[in-house]
Amino acid sequence: EADCRIQALALLDELAGDGADATAAAAARALRADDPGPAEALFAALGEGADPVAGRAALLGGRLADGRVDLDRRAVALTPDNPDALLVAGRTARSLYHYREALDWLHTRVRLYAERGVEDPVGLALARRELAYTCVLGGQQRQAGPLYKEAMTALARHLGQDHAEMAVCWQQIGELQELQGEDDKAVTLYRKALAILERQRGAEDPSL
1252 EADCRIQALA LLDELAGDGA DATAAAAARA LRADDPGPAE ALFAALGEGA DPVAGRAALL
1312 GGRLADGRVD LDRRAVALTP DNPDALLVAG RTARSLYHYR EALDWLHTRV RLYAERGVED
1372 PVGLALARRE LAYTCVLGGQ QRQAGPLYKE AMTALARHLG QDHAEMAVCW QQIGELQELQ
1432 GEDDKAVTLY RKALAILERQ RGAEDPSL
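Residues in the sequence shown are numbered from 1252 upward in steps of one, following our numbering.
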């Protein structure tokens, strides 16, 4: 996010030049005050044109929007029972280190899937895994263990032990072990994840 802001400000300052573009100058001032709205609007407009900076503007406008957790808050407020909105909001908040919000949204998402009962067991398992991973990153490692156990039991039952989603689980639990200083255990789990992915996707797949 910080890198995106730096690049956006550089482009805005470039556009503002010696005061020739008042809109860009105003957008730069707003962005420095933590309001990306004017910059997003300007970049969106520039991205529609054929100007040499159109590509940069379109890219940075998208990156600024991706980093705006306030947009996700609004989406969740408007559609509080939408698992997709909760997932996007939770991941955005997590990427910005807003772990409390991320955990709240992802807890809600797990609850919504659980209320559906047996309708979507894989969806519930993946929701639990997403919550568990956020617990790991947010310093609540003890809560992650039971969530991973439930998620992996369901995924193994419905998808099989050798499914790529199981590899993601082993990789994430490896991160948990690494954070706890259990490096040897982490390496074992990472190798297990790699072995599954290699069998499923081939040794040359970029995901490995």
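Using N, Cα and C, we set each Cβ at its ideal position, and we do this for glycine too.
Candidates the options, of which the one nearest residue i by Cα
{"i": "residue 1410", "options": "1372, 1425, 1260", "result": "1372"}
{"i": "residue 1381", "options": "1354, 1407, 1368", "result": "1354"}
{"i": "residue 1317", "options": "1414, 1350, 1288", "result": "1288"}
{"i": "residue 1414", "options": "1443, 1392, 1434", "result": "1443"}
{"i": "residue 1461", "options": "1400, 1306, 1275, 1387", "result": "The requested residue 1461 does not occur in the structure, where the chain is confined to residues 1252 to 1459."}
{"i": "residue 1362", "options": "1337, 1302, 1264", "result": "1337"}
Residues near residue i by beta carbon distance below 6 Å, same chain, minus five either side
{"i": "residue 1425", "result": "1437, 1440, 1441"}
{"i": "residue 1308", "result": "1294, 1297, 1298"}
{"i": "residue 1281", "result": "1289"}
Local conformation of residue i per DSSP, three classes
{"i": "residue 1422", "result": "helix"}
{"i": "residue 1281", "result": "helix"}
{"i": "residue 1409", "result": "helix"}
{"i": "residue 1414", "result": "coil"}
{"i": "residue 1331", "result": "coil"}
{"i": "residue 1349", "result": "coil"}
{"i": "residue 1304", "result": "coil"}
{"i": "residue 1317", "result": "helix"}
{"i": "residue 1449", "result": "helix"}
{"i": "residue 1433", "result": "coil"}
{"i": "residue 1380", "result": "helix"}
{"i": "residue 1310", "result": "helix"}
Cα-Cα separation between residue i and residue j, rounded to whole angstroms
{"i": "residue 1422", "j": "residue 1431", "result": "14 Å"}
{"i": "residue 1300", "j": "residue 1279", "result": "20 Å"}
{"i": "residue 1445", "j": "residue 1417", "result": "11 Å"}
{"i": "residue 1286", "j": "residue 1258", "result": "15 Å"}
{"i": "residue 1264", "j": "residue 1349", "result": "29 Å"}
{"i": "residue 1275", "j": "residue 1267", "result": "5 Å"}
{"i": "residue 1342", "j": "residue 1302", "result": "33 Å"}
{"i": "residue 1364", "j": "residue 1377", "result": "10 Å"}
{"i": "residue 1305", "j": "residue 1262", "result": "11 Å"}
{"i": "residue 1412", "j": "residue 1347", "result": "33 Å"}
Cβ-heavy atom distance, residue i to the ligand MN, below 6 Å
{"i": "residue 1286", "result": "Because no ligand of any kind appears in the structure shown, any question about the ligand MN cannot be addressed here."}
Contact set for residue i: own chain, Cβ-Cβ below 7 Å, skip 5 residues either direction
{"i": "residue 1312", "result": "1291, 1294, 1295, 1298"}
Own chain, CB closer than 8 Å to residue i, minus 5 neighbours either side, in chain order
{"i": "residue 1260", "result": "1279, 1282, 1283"}
Closer than 7 Å to chain C by CB, residue i
{"i": "residue 1366", "result": "The structure shown contains no chain C; it is built from a single protein chain."}
Are there three or more Cβ pairs, one per stretch, closer than 8 Å when the segment 1265 to 1281 is compared with the segment 1324 to 1334?
-> No: the two stretches stay apart, fewer than three of their Cβ pairs being nearer than 8 Å.
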